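*Asks:*
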Ligand SMILES: [Zn+2]
């Protein structure tokens with residue numbers, strides 16, 4: 222009898238654990254019920270816990286236009302502004318200091334933003350507004366490009382690909398190619414990227430420069446880029462060789 226009760230207690234524990242786990246996964250996959258307000262322009266919907274002013278429309282249409290000019294086909298996409306409280310704690314669980322985050326494939330067609338000031342078009346992180354070029358449009362395009370990359374190549378490859386490809390492509394779609402490769406490479410050198418540099422060139426300037434280089438100067442296709450396992454240092458060496466010619 223004792224054994225039976227222990228077995229039953231263990232089974233109940235497992236059931237409770239898996240229900241909690243599935244419940245949490247559902248909240249990440251379908252966060253709509255937790256955001257009272259939404260606004261849609263073209264195929265982009267933004268959700269917020271506060272009323273969304275009309276000034277958000279130009280931000281959404283700019284995100285839609287930049288994505289449409291990018292390398293991926295897309296259908297309905299969503300952004301959730303998890304600006305504070307438990308929503309921020311939960312949805313930014315893996316990146317409490319990030320401005321945007323996705324959990325692909327749970328977030329199959331959406332990403333989360335840490336805050337939004339629609340009138341200025343800037344992203345809010347806690348009390349701080351982030352400087353251009355890292356605007357709301359930039360963060361929206363960056364996170365949704367992650368989602369589209371995942372849809373294109375699948376969850377395993379999305380996580381397995383080199384960081385410079387995944388993050389570089391998201392910043393490349395958002396900000397385009399650098400105007401001056403030689404100047405930017407000289408400015409960045411081999412140093413870690415500082416906040417000052419991010420404030421003028423986006424979050425991943427070196428990765429963006431590399432992705433832009435291979436797509437526009439080396440003539441790689443999107444699929445060739447997404448399939449490469451080349452390391453960042455190998456990619457940098459190839460680009461620098463190309464720049465020196
Ligand atoms: Zn990213």
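Residue numbers (the numbering used here): 222 to 466.
Cβ atoms here follow ideal geometry from the backbone N, Cα and C, with glycine treated the same way.
Keep in mind it's a predicted model, so treat the numbers as computed, not measured.
(1) Can you pull the DSSP bridge partners for residue 299?
(2) So what does residue 405 bridge to, in DSSP terms?
(3) Per DSSP, which residues does residue 337 bridge with? Please list them.
(4) Quick one: what's residue 350 bridged to in DSSP?
(5) Taking only three categories from DSSP, how would you classify residue 258?
(6) Answer yes if the stretch 294-303 comes into contact with the stretch 258-267, meaning at least three C-beta pairs across the two stretches below 8 Å, and no otherwise.
(7) Have a look at residue 338 and residue 229 and give me their C-alpha separation to the nearest angstrom.
(8) Across the stretch 379-386 and the stretch 310-318, are there enough close Cβ pairs to call them in contact, namely three or more that are closer than 8 Å?
(9) Report the three-state DSSP secondary structure of residue 397 (helix, strand or coil).
(10) How is the alpha helix (DSSP H) around residue 233 delimited, first residue to last?
(11) Tell me which same chain residues have a C-beta within less than 6 Å of the C-beta of residue 259, skipping the five on either side of it?
(12) For a test of the three-state rule: what should DSSP assign to residue 423, helix, strand or coil?
(13) Got a sec? Which residues, its chain only, sit under 7 Å from residue 257 by beta carbon, not counting five neighbours each side?
(14) When you compare each of 341, 438, 447 to residue 466 by their alpha carbons, which one comes out closest?
(15) If you drop the 5 nearest sequence neighbours on each side, which residues of the same chain put their C-beta closer than 6 Å to that of residue 399?
(16) Using DSSP bridges, identify the partner residues of residue 437.
(17) Identify the continuous alpha helix (DSSP H) that holds residue 283 and give its terminal residues.
(18) With hydrogens ignored, establish whether the beta-carbon of residue 391 is closer than 6 Å to any heavy atom of ligand 1.
(19) Whose C-alpha, out of 340, 458, 344, is nearest the C-alpha of residue 278?
(20) Nearest-angstrom Cα distance between residue 333 and residue 263?
(21) Closer than 6 Å to a non-hydrogen atom of ligand 2 - does that hold for the CB of residue 453?
(22) Taking DSSP's pairing of strands, which residues face residue 356 in a bridge?
*Replies:* In brief:
(1) Taking the first residue of the chain shown as position 1, residue 299 is located at position 78. Per DSSP, 266, 331.
(2) Walking along the chain shown from the start, residue 405 turns up at place 184. The partner list for residue 405 (beta bridge, DSSP) is empty, contrary to what the question assumes.
(3) As a first step, residue 337 is located in the chain shown; it is residue number 116 there, counting from the start. Answer is 344.
(4) Taking the chain shown and counting its residues from 1, one reaches residue 350 at position 129. Beta-bridge pairing links residue 350 to 345.
(5) Taking the first residue of the chain shown as 1, we reach residue 258 at position 37. It is a strand residue.
(6) Short answer: they touch.
(7) Position 117 of the chain shown, counted from the start, is the residue given in the question as residue 338. Position 8 of the chain shown, counted from the start, is the residue given in the question as residue 229. Roughly 52 Å separates the two Cα atoms.
(8) No: the two stretches stay apart, fewer than three of their Cβ pairs being nearer than 8 Å.
(9) Position 176 of the chain shown holds residue 397. The three-state reading of DSSP puts residue 397 in coil, since its state is none of H, G, I, E or B.
(10) Here the question's residue 233 lines up with position 12 in the chain shown. Counting along the chain, the alpha helix (DSSP H) containing residue 233 begins and ends at 223-250.
(11) Stepping through the chain shown from its first residue, residue 259 is reached at position 38. If we look at residue 259 and ignore the five residues flanking it on each side, its Cβ neighbours are 266, 268.
(12) One-based indexing of the chain shown puts residue 423 at position 202. It is coil, neither helix nor strand.
(13) Taking the first residue of the chain shown as position 1, residue 257 is located at position 36. Once the five neighbours on either side are set aside, the close Cβ partners of residue 257 are 270.
(14) For the purposes of this step, residue 466 is taken as residue 245 along the chain shown, with counting starting at 1. Closest option to residue 466, Cα to Cα, is 438.
(15) Along the chain shown, read from residue 1 onward, the residue named residue 399 stands at position 178. Within its own chain, the residues whose Cβ lies closer than 6 Å to the Cβ of residue 399, once the five positions on either side in sequence are excluded, are 405, 430, listed in chain order.
(16) Locating residue 437 in the chain shown gives position 216, counting from the first residue. In the DSSP output, where bridge partners are listed per residue, residue 437 has none listed.
(17) Counting from one through the chain shown, the residue named residue 283 turns up at place 62. 277-290 is the span of the alpha helix (DSSP H), which, as asked, contains residue 283.
(18) The residue you call residue 391 lines up with position 170 of the chain shown. Answer for residue 391: yes, Cβ within range of ligand 1.
(19) Taking the chain shown and counting its residues from 1, one reaches residue 278 at position 57. Of the listed residues, the one whose Cα sits closest to residue 278 is 340.
(20) Here the question's residue 333 lines up with position 112 in the chain shown. Here the question's residue 263 lines up with position 42 in the chain shown. Their backbone Cα atoms lie some 19 Å apart in a straight line.
(21) No copy of ligand 2 occurs in the structure displayed; its ligands are ligand 1 alone.
(22) Within the chain shown, the letter at position 135 stands for residue 356. Looking at the DSSP assignment, residue 356 forms a beta bridge with 343.
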